[in-house]
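Note sheet for the following structure.
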Amino acid sequence: MPYAVQPGEGRARRLYDEPESLTRSPWQRDRDRVIHSSGFRRLQYKTQVFVNHEGDFFRTRLTHSLEVAQVARSMARFLKLDEDLTEAVALAHDLGHTPFGHAGEDALAAHMQEWGGFDHNTQALRQVMLKERRYLAFDGLNLTWETLEGLAKHNGPVKRPSARLLELDTLFPLELSTYASAEAQVAALADDIAYHGHDLDDGVKSGLLSLDDLVDVPVVGEELFEVRKAAADLPSQDKRTLQRIRHEMVRRVIHKLVTDVLICTRERLQDLAPRNVEDIRAASGPVVAFHEPMAQANKGIRKFLFAHLYRHWRVNRMTHKARHVTAELFDTLTESPSLLPAEWQREAEGKDATGLRRVVADYVASMTDRYAMEEHRRLTDLSVAG
């Protein structure tokens, strides 16, 4: 399709020149580099909603990223977009997340407010552009312009870029004021859809939500009603029956959301009639979107999850502890940078106050849940060896 990125015609350039691969497209290489990166591996032990040690069956940032990539790739195939670019953006989108999910990010953002700020989308760019150390010739993963664009514009055009994002944009200009490619837009909505689906699943599985809590949630309640009707002949209180009902409900909710996006996007593409990907970027609005009724339903799901899961008292307790651990790590290491590991001390050497805090924020953001808890104990508990 003319509106899809084309390896031979798109920009597909990298910050540092490299020979092209004879066997893989530029975006296949991007996807592979993300998968083999240290930041991607660490996502296995970073939280979505529940702290990692609470149970191995809850989602982590890694399982979330894989689910997003699967949804995004299927959507890209239907829309005849470049599947590899879509998958690369989907897999890389969470590389900037801190330990303890949004609780850790909130703590770092508060501590960095006067020192350039902190947000996970910009941190993902920092990770792939600066922080990965795998190659002899350059820092970062040297991903293509299109993949970096998708990370920078994960939430659409950036109207008020932070100082940190502007630094990265100066290094490799990403046209922040325009929309991203359709591939990147697909990855962003797949993130939203997968997030809601698996948080409903994990919320019920954890016991923080019950199926009865969901009956009035837009889309979810309708699908739950149909699934329960279809399961009428199964033992109603059997654990395996309830598990099947939960899985089937989540599967149908995801299917309904994805189907609406695909139909709406196809209609928008027909109306816009883009000649190339630049027409997608210059459009007055996103081309990948829900119809308005489904957009409102999606907001209703998010509102329900915030009220009943993310702000559940048990989650609030974990969030409080996670913020405390993250904040205390940041304060301790900023006050005493000699406590940093040797390689991070070298990076902090000679830095001014802002630079030191950025190094500490990078270090804390790179931690997994388990490592952050262990490092906090090592720094604050006299009974634990350093």
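Residue numbers for the sequence shown, in this note's numbering: 673 to 1058.
The beta carbon of each residue, even a glycine, is placed where N, CA and C say it ideally should be.
Option in the options with minimal Cα separation from residue i
i       : options                           : result
Ala866  : Arg1049, Val1032, Glu1015, Leu734 : Leu734
Val800  : Gly812, Phe712, Glu1007           : Gly812
Glu777  : Tyr1043, Ser1055, Ala1033, Thr695 : Ala1033
Thr794  : Arg705, Leu846, Met747            : Leu846
Leu1051 : His792, Asp841, Asp905, Glu1007   : Glu1007
Thr758  : Ala741, Thr770, Phe772            : Ala741
Leu763  : Gly789, Tyr807, Val706            : Val706
Gln716  : Gly773, Tyr688, Ala1020           : Gly773
Glu1046 : Pro1009, Ala994, Glu1019          : Ala994
Leu802  : His919, Arg1018, Leu687           : Leu687
Residue i - DSSP class collapsed to helix/strand/coil
i       : result
Lys842  : Here residue 842 turns out to be Thr, not Lys, going by the sequence shown. Note: Thr842 maps to helix in three-state DSSP.
Arg947  : coil
Arg989  : helix
Thr1026 : helix
Arg703  : helix
Arg836  : helix
Arg686  : strand
Thr850  : coil
Thr913  : helix
Thr931  : helix
Thr794  : helix
Short CB-CB distance (under 8 Å) between residue i and chain E
i      : result
Asp951 : Chain labels in this structure do not include chain E; a single protein chain is all it has.
Cβ-Cβ separation, residue j to residue i (assumed contact under 8 Å), whole Å
i       : j       : result
Val1036 : Thr1004 : Not confirmed; about 10 Å, so no contact.
Leu837  : Ala796  : The Cβ separation is near 11 Å, so there is no contact.
Ala969  : Pro890  : 4 Å
Arg714  : Thr1026 : Going by Cβ atoms, the distance from Arg714 to Thr1026 rounds to 25 Å, so no, they are not a contact pair.
His1048 : Glu1000 : 6 Å
Gly828  : His792  : Not confirmed; about 16 Å, so no contact.
Val933  : Leu861  : 6 Å
Residue i classed as buried or exposed, judged by whether at least 16 other C-beta atoms fall within 10 angstroms
i      : result
His765 : buried
Trp985 : exposed
Leu976 : Note that residue 976 corresponds to Phe in the displayed sequence, not to Leu. Result: buried.
Met673 : exposed
His783 : buried
Val887 : exposed
Thr937 : buried
Phe897 : exposed
The region 952-959 in contact with the region 850-858 per 3-pair CB rule at 8 Å: Note that the region 952-959 touches the region 850-858; at least 3 beta-carbon pairs, one per stretch, sit closer than 8 Å.
Segment contact flag, the region 683-694 with the region 731-749, C-beta cutoff 8 Å, min 3 pairs: The way I'd put it, the region 683-694 doesn't touch the region 731-749; fewer than three beta-carbon pairs between them come closer than 8 Å.
Cβ contact (3+ pairs, closer than 8 Å) linking the region 975-982 and the region 863-882: Taking a cut-off of 8 Å for Cβ pairs, the region 975-982 and the region 863-882 touch, as three or more such pairs fall below it.
Three or more C-beta pairs below 8 Å linking the region 771-790 and the region 740-750: Not touching, per the Cβ criterion.
The region 690-704 touching the region 815-835, judged by at least three CB pairs closer than 8 Å: Output reads yes: the region 815-835 touches the region 690-704.
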